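The opening residue of the sequence shown carries number 8 in our numbering; numbering runs sequentially from there.
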Amino acid sequence: MTSWSIDPQGVSTVLTSVETAATELSTALDGILTAQDDLVYGAGSLGGVPAAVAALIESEKTRLTNVGRRINAGTLGASTAAIAYVHGDEEMAASAQAAASTSALNGDMSAIGAERAAAL
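Shown next, in the form of structure tokens:
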């Protein structure tokens, strides 16, 4: 790979979408817990059903917690990488401007060529 091609606005759009989906997932999981309470109340003499549902939810708790952690880590990592990319662009632009200013003062255009080669 010889260059990066990141659209910071596109990254922001995707991260917003992921955040929305994560919120919806969290709401759905909260709904499962509410449904479990309703099931316990409505089951009456079918006491084994609520216990089985509770056991299922408990068995999946670690997996669901890990999903949430991965979502958070992924969005934070992508956001941090995009910020670093934008910051790198700003540093590269500042460096190129400094090289151009120096070249304009001393007539030596080699600094501009070096900056251009480093950008490629």
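Every residue gets a Cβ at the ideal spot worked out from N, C-alpha and C, and that includes glycine.
Owing to the predicted nature of the structure, the values given are computational and were not obtained by experimental measurement.
- The three-state secondary structure of Met116, taken from DSSP, is coil.
- If you ignore the 5 residues before and after Ile78, its C-beta comes within less than 6 Å of the C-beta of Ala29, all in its own chain and listed in chain order.
- For the pair of segments examined, the stretch 87 to 100 was found to touch the stretch 9 to 24: the number of CB pairs separated by less than 8 Å reaches three.
- Taking 7 Å as the cut-off, the beta carbon of Val21 is found no closer than this to the beta carbon of Thr82.
- In this structure, the alpha-carbon of Leu40 lies about 13 Å from that of Tyr48.
- Ala106 sits buried, since 16 or more C-beta atoms from the chains shown fall within 10 Å of its C-beta.
- Looking from the CA of Leu71, the closest CA among Glu98, Ser117, Leu36, Asp44 belongs to Leu36.
- When C-alpha distances from Gln43 are compared across Ala58, Ala111, Ser102, the shortest belongs to Ala58.
- Around the beta-carbon of Ala89, 16 or more other beta-carbon atoms lie within 10 Å, marking it buried.
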